[in-house]
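Residue numbers (this note's numbering): 103 to 330.
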Amino acid sequence: MTSWLPEDISTYGHGIDHTIRVIYYIVGAWFVLTEAVLFYFIIRYRKRKTTTATYQPGTTFKALAWILLPAALILVFDLGIDLVQGPVWNEIKIYLPTADQTVRIKGRQFVWEITHPGADGKLETPDDIQILNQLVVPVHKKIQFELQSEDVLHSLWIPNLRLKQDAVPGRTIKGWFEATKEGIYPLACAELCGSGHGTMKGQLQVLNETDYQNWLKENRSLEVGRVE
């Protein structure tokens, strides 16, 4: 049912896809049920020559049941969705794993300024690599990101990672991901941030360890694509 989604290359993507399926089935079933009841009432209580309109105060048990029963069912469905998505939310947002590497991603109109650690694996050191609109990571490594905004609200969106996180001015928001497949994948801003919002795009490049080390050597002590 989620085959229309972009390819999942994240360790936690299956949990998000499963949550989407659960919501899809519940909402779909509820929609069919409510529409069926609606059409039944339209036909059953349609105007006839032999009937006259009457006023129903809605205080009888039968009338209240049509309000309370659907409300109770919606509450049960919501709790069911919470039970499904709770562990997924905790894995992604609450319990951040120990990172193999940390990158800093700063959004500003209308580019992503991405700082990668150099060979020492640490940020805020002379060998940091700063690139615009290109996030380069090794495959099968836990990557922690520090997301910031320099000006207005932005939203980091990498569909193949099932990752979407708002960037808020004045805050550093931490998150993580682990890519499971090499390749190049789209990265974009998903928050309307100005006239150039549609051009605020980039790439996630996932490399094997050998290619990643070669990339570090090629870009050592460089600031590629830096725009002031």
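Here a beta-carbon is modelled for each residue, glycine too, at the ideal position from N, C-alpha and C. This one's a predicted model, so the numbers in the text were calculated from it and none came from an experiment.
Would you mind reading off the limits of the alpha helix (DSSP H) that contains residue i?
i	result
E137	115-146
Q158	Note, Q158: premise wrong, no alpha helix (DSSP H); not H, not E.
P189	163-191
L318	311-320
Skipping 5 residues on each side, what residues in its chain have a beta carbon closer than 7 Å to that of residue i?
i	result
T113	E280, T282
N321	I231
W317	V238, L309
Q158	A165
H299	F212, C291
I118	V190, R264
Does the beta-carbon of residue i have 16 or more other beta-carbons within 10 angstroms, so that it is buried, or is it exposed?
i	result
I144	exposed
V326	For V326, the pLDDT reaches just 48, beneath the cut-off of 50, and the residue's location in the model is therefore unreliable, although a value from the coordinates is still provided. Under this definition V326 is an exposed residue.
P228	exposed
R273	exposed
A269	buried
H72	Outside the modelled stretch of the chain, which goes from 103 to 330, sits residue 72, for which no answer is possible.
T121	buried
W106	exposed
N262	buried
S251	buried
E330	With a pLDDT of only 48 at E330, under the threshold of 50, the placement of this residue in the model should not be trusted; the figure read from the coordinates follows. Result: exposed.
W278	buried
R210	buried
Since residue i is in the beta strand (DSSP E), which residue starts that stretch and which ends it?
i	result
T301	Premise fails: T301 is in no beta strand (DSSP E) and is neither H nor E.
A290	285-291
Considering only residues of the same chain and omitting the five flanking positions on each side of residue i, which have a CB-CB separation below 8 Å?
i	result
T162	none
A111	What sits at residue 111 in the sequence shown is Ile, not Ala. Only N262, L263, A281, T282, K283, G285, Y287, V308 meet the Cβ criterion.
V186	H120, T121, V124
F179	I128, W132
Excluding sequence positions up to five away, which residues of its chain have a Cβ less than 6 Å from the Cβ of residue i?
i	result
M302	F212, C291
P271	S251
P108	P261, N262
Closer than 8 Å is the cut-off here; do at least three beta carbon pairs connect the stretch 209-221 with the stretch 168-185? Counting C-beta pairs with one atom in each stretch, the stretch 209-221 and the stretch 168-185 have fewer than three that are closer than 8 Å, which means they do not touch.
Does the pairing of the stretch 202-216 with the stretch 239-249 give three or more beta-carbon distances under 8 Å? The stretch 202-216 is in contact with the stretch 239-249.
What beta strand (DSSP E) runs, 3 residues minimum, are completely inside the stretch 191-277? Within the stretch 191-277, the complete beta strand (DSSP E) runs of at least 3 residues are 203-210, 213-218, 231-234, 236-240, 244-251, 256-260, 265-269.
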